[in-house]
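Under our numbering, the residues of the sequence shown are numbered 732 to 1046, in order. All C-beta atoms, glycine included, are put in the ideal place defined by N, C-alpha and C. For clarity, every value in this text was computed on a predicted model and none was experimentally measured. For reference, the structure is listed below as structure tokens.
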Amino acid sequence: MTSNAPVPHTSADGAAASLKASVLVEALPYIRRFAGKTVVVKYGGNALAGTSDHDALTLFAEDIVLMRLVGMRPIVVHGGGPQISELMERLGKEPQFLDGLRVTDAETVDIARMVLKGQVNPQLVAAINVHGRFAVGISGVDAGLIRATARDEKLGFVGDVTQINPEVIHGLIEDEFIPVIATIGSDETGQAYNINADTVAGAIAEAIGAEKLVYLTDIEGLRRDVADATSLIRQATADELDELVADGIIAGGMIPKVASCTHAVRNGVHRAHILDGRIAHVLLLEVFTDAGIGTMVMQHRDEPPPEQPREGALS
Ligand code: ADP
Ligand code: MG
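Pasting the structure below:
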């Protein structure tokens, strides 16, 4: 009679194979849990702009495709601030900021639209579609997805979201596509607005009842002290984040992310995450492994833990 006991690996190759197998097995409960669930991923312009540009984009595309192939429904929302500034400079136009927001005159909103819809969006779509016919690039103007209004006259065509009309997203997801969204919106007259991509990602996650909202940025997560790399906040509730904002601990580009995370988890999105887009395959690590990574935001800390083995272990 032959034994069914597993044969132990003796070689280095065997050990590596065994490790790969255990990683896949570790992913099983997460694959089961997230099958059919929608995840909105915001890919930051800074994450795209770095020197390892190409690699970062390739790895990101692999993660998105893998999520989709195991049955999740990823939606990508992207920014492009550094790329907009770069084209403005090439055109001899000085970027101006007021309280961290780009002053956007008629020419600047044209440039923003060209860069987001003509450069950044097709780059992401193409990187994903290296793996198959998955991604469809749209902007907030398509099918009236993002309705916007001017935030402040002084800022010109910087928009606030007034309404999300998610029908086009539902349609694309039903047809098993991955929507890739450039964050230009329009008002009822057809005027275009440049809208902060963090804000749009949160608003879309809420409008479609996403399971997760994920921000990929250029820092490992929220820090209690922005100058101290060891001060990573691993978990926070919406109320705790409100306090950090009130204390001035959240600044600059983190403000719209945190505001969107707190709003989203209070409005039906189960979890929000702020992750370091510079870490290879950070999305896979977050979604499919037990490794807690970056900052996780939830509505309340005392939620029931079923099927969430890692959450208790993290605090
Ligand atoms: P993105 O392109 O991803 O939107 P941003 O530069 O707009 O990137 O936002 C991320 C930046 O927010 C970080 O690089 C960091 O400098 C800044 N920041 C401000 N406050 C904090 C904080 N408390 N924790 C972490 N980062 C912070
Ligand atoms: Mg930003």
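Identify the residues that DSSP records as bridge partners of residue i: which are they?
i: MET1029; result: THR968
i: VAL867; result: PRO910
i: VAL899; result: The partner list for VAL899 (beta bridge, DSSP) is empty, contrary to what the question assumes.
i: ARG1002; result: LYS943
i: GLY875; result: DSSP lists no partner for GLY875.
i: GLY887; result: THR835
i: VAL1018; result: None, per the DSSP bridge assignment.
i: ALA881; result: GLY890
i: ASP1007; result: THR948
Sorted by chain position, which residues of the same chain lie with C-beta nearer than 7 Å to residue i's C-beta, five sequence neighbours on each side aside?
i: ILE980; result: ARG955
i: VAL899; result: ILE869, ASP873, ALA874 and LEU876
i: ASP794; result: HIS1012, LEU1014 and LEU1015
i: PRO826; result: SER816, MET819 and ARG833
i: THR685; result: Outside the shown range of the chain, which is 732 to 1046, sits residue 685, and nothing can be said about it.
i: ALA928; result: LYS773, VAL808, HIS809, GLY810 and THR914
Within a Cβ cutoff of 8 Å, which residues of the same chain sit near residue i, ignoring the five residues on either side of it in sequence?
i: ILE762; result: VAL801, GLY802 and PHE1019
i: ALA792; result: LEU855, ALA858, ILE859, VAL861 and HIS862
i: LEU788; result: LEU779, GLN854, LEU855 and ALA858
i: GLU919; result: ARG878
i: THR961; result: none
i: THR880; result: GLY890, ASP891, THR893, ASP918 and TYR924
i: ILE697; result: Here the chain has residues from 732 to 1046 only, and residue 697 is not among them.
i: PRO897; result: LEU876, ILE935, ALA938 and ILE939
i: LEU886; result: LEU829, LEU832, ARG833, VAL834 and THR835
i: GLU1017; result: VAL945, HIS1004, LEU1006, ILE1024 and GLY1025
i: ALA982; result: VAL957
i: GLN1030; result: THR968, ALA969, VAL996 and ARG997
Just to confirm my understanding: we take residue i, look at its own chain, exclude 5 residues before and 5 after, and list those with CB closer than 6 Å. What are they?
i: ALA743; result: none
i: ARG882; result: VAL889 and ASP891
i: LEU972; result: VAL989 and THR993
i: VAL1028; result: ALA967, CYS992, VAL996 and ALA1003
i: MET846; result: This sequence places Val at residue 846; Met is not what is there. Within the same chain, VAL846 has close Cβ partners GLY811, GLN814, ILE815 and LEU818.
i: VAL840; result: PHE888, ALA923 and ASN925
i: ILE904; result: ARG804
i: ARG1032; result: THR968
i: PHE908; result: VAL867
i: MET798; result: PRO805
i: PHE765; result: MET803
Please confirm whether residue i has its beta-carbon closer than 7 Å to some beta-carbon of chain C.
i: ALA858; result: Absence of chain C from the displayed structure is noted, only one protein chain being present.
query = Fully enclosed by the region 766-831, which beta strand (DSSP E) runs are 3 residues long or longer?
reply = The region 766-831 is shown to contain whole beta strand (DSSP E) runs of 3 or more residues at 769-774 and 804-809, in chain order.
request  = Say whether the region 945-962 touches the region 1015-1031, bearing in mind that this needs 3 or more beta-carbon pairs closer than 8 Å, one atom from each stretch.
outcome  = At 8 Å Cβ cutoff, the stretches touch.
Every unbroken alpha helix (DSSP H) inside the region 910-998 [4 residues or more] = When DSSP assignments are scanned along the region 910-998, the uninterrupted stretches of alpha helix (DSSP H) that are 4 or more residues long and fall wholly within it turn out to be 928-938, 969-977 and 985-996.
key: Contact between the region 909-919 and the region 826-834 (3+ Cβ pairs under 8 Å)   = Note that the region 909-919 does not touch the region 826-834; fewer than 3 beta-carbon pairs, one per stretch, sit closer than 8 Å.
message = When you compare the region 1000-1020 with the region 939-946, are there three or more beta-carbon pairs, one atom per stretch, that lie closer than 8 Å?
response = With three or more CB-CB distances shorter than 8 Å, the region 1000-1020 counts as touching the region 939-946.
task = Check whether the region 759-776 touches the region 930-943, taking contact to mean three or more Cβ pairs, one atom from each stretch, closer than 8 Å.
result = Look at the beta carbons and you see the region 759-776 touching the region 930-943: at least three pairs across the two are nearer than 8 Å.
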